[in-house]
Amino acid sequence: MKVLITGAGGMLGKALTSCLESRDHQVKGLPKEELDVTNYAQVIETLDAERPEIVIHAAAYTKVDQAESEPDLAYLINGYGTENIAVGCNKLGIPMVYVSTDYVFDGEQNRPYHPWDQTRPLSIYGKSKLAGERAVLHHLNHFYIVRTSWLYGPHGRNFVDTIHQMAKDGKPLRVVSDQFGTPTCTLTLSETISDLILTGRWGVYHGTDGGVTNWFEFARAIASDFKVSVTPIETKDMPRPATRPKYSVLDKTTLVHTLGREVVPWQEALAMYLELKRDRQLA
Ligand SMILES: NC(=O)c1ccc[n+]([C@@H]2O[C@H](COP(=O)([O-])OP(=O)(O)OC[C@H]3O[C@@H](n4cnc5c(N)ncnc54)[C@H](OP(=O)(O)O)[C@@H]3O)[C@@H](O)[C@H]2O)c1
């Protein structure tokens, strides 16, 4: 397929580009410098010139805490920017993938969320991503919305790299143990999205790695090769500008049915990533 990727300079954008290229798709990965999704004229011109068979929209404003103090920018990129892509895809008859987040949920129901469960974001970031979902649902019939969570992978600032480096440096760690979710590697998510776009089964999906954990247990797993103390703390002991959901595990039943295969457990994906870091000496 001829695939156009927005936000191709980002952590997921880079992983998607490599994954799709390795599967012999014709990939046009555009970083922000080449396609600013908030520029409608540029979006239309680019889509018209490239005429991809599908657009994967991975560009986003992703600074969860900073969004609380610059909501206009978060909405501009995640809401209006996504609407620009959706309107452009609608005009030219191109299907679209929109990558969304578990932060569209409030985390209060204490069981995994299905794609059809009620959304209620607690943060500006979550609200702005939901605005993007609504734009896709409004303008397109042929789309995949893929909600994911707790991303890490090569080529991006992320929790795994930060904790790994701190543990390597022997720095003691204090990590919250009362927020539950599922870590997801960009490499496995890229495989999921690459499989999904071949199905033609449009809709809203939950695409994370398998299982459930909290940030403390996740940190312990990341630091397990090092002799460093990891202490559990509560969210109230580490106040942050944005409120996070307490339990934002996503139920993947419909994704598993559509793909005809299970997802990789988070522990397995993490082990694969840590091995990759060792082999390639990734920072
Ligand atoms: N990271 C997570 O834990 C997580 C969890 C759930 C869902 N997601 C979603 O997954 C997707 C990928 O996230 P990621 O972790 O790969 O984030 P990322 O590394 O921050 O990548 C996002 C990319 O979008 C670019 N961008 C920002 N504004 C843009 C604009 N106006 N036009 C074009 N590109 C623009 C960013 O460029 P600059 O950096 O130069 O601004 C960055 O390269 C996003 O939709 C995000 O909401 C992420």
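Using the numbering used here, you'd call the opening residue of the sequence shown number 4 and step up by one each time.
Each residue gets a CB set at the ideal place from its N, CA and C atoms; glycine is no exception.
Given the structure is predicted, the values throughout are model-derived calculations rather than measurements.
Sequence-distant residues of the same chain with beta carbon closer than 7 Å to residue i, five excluded per side
i, result
"N113", "Y250"
"Y128", "V67, A70, A77, Y106 and A245"
"N161", "M14, L154 and Y155"
"A224", "Q270 and L273"
Neighbourhood of residue i by C-beta, 6 Å cutoff - its chain only, sequence neighbours within 5 removed
i, result
"S103", "K132, E136, I148 and R150"
"T202", "T261"
Rounded distance between the beta-carbons of residue j and residue i, thought under 8 Å
i, j, result
"P118", "T257", "6 Å"
"A61", "G13", "6 Å"
"T189", "A18", "4 Å"
"L95", "L143", "Contact doesn't hold; Cβ gap of about 11 Å is too wide."
"L277", "S152", "L277 to S152, Cβ: 19 Å. No contact."
"V46", "G91", "5 Å"
Other residues of its chain near residue i: CB distance less than 8 Å, five sequence neighbours each side excluded
i, result
"L176", "I166, M169, A170, A222, A226, V231, S232, V233 and T234"
"G214", "T185, P268, W269 and Q270"
"H158", "M14, K17 and A18"
"S180", "N217, W218, F219, E220, P235, I236 and E237"
"T195", "V149, G210, L258, L262 and V266"
beta-carbon residue i near ligand 1 non-hydrogen atom, thresh 6 Å
i, result
"S152", "yes"
"T122", "no"
"K31", "no"
"V102", "yes"
"M14", "yes"
"A274", "no"
"T41", "yes"
"K255", "no"
"K35", "yes"
"A2", "Beyond the ends of the chain as shown, which are 4 and 286, falls residue 2; an answer cannot be given."
"T65", "yes"
Strand pairing of residue i, partner residues [DSSP]
i, result
"L253", "Y116"
"M99", "V58 and F146"
"V6", "V30 and I57"
"P268", "G213"
"T104", "T151"
TODO: Enumerate, from N- to C-terminal direction, the unbroken alpha helix (DSSP H) stretches of 4 or more residues contained entirely within the stretch 173-236.
DONE: 189-199 and 218-225
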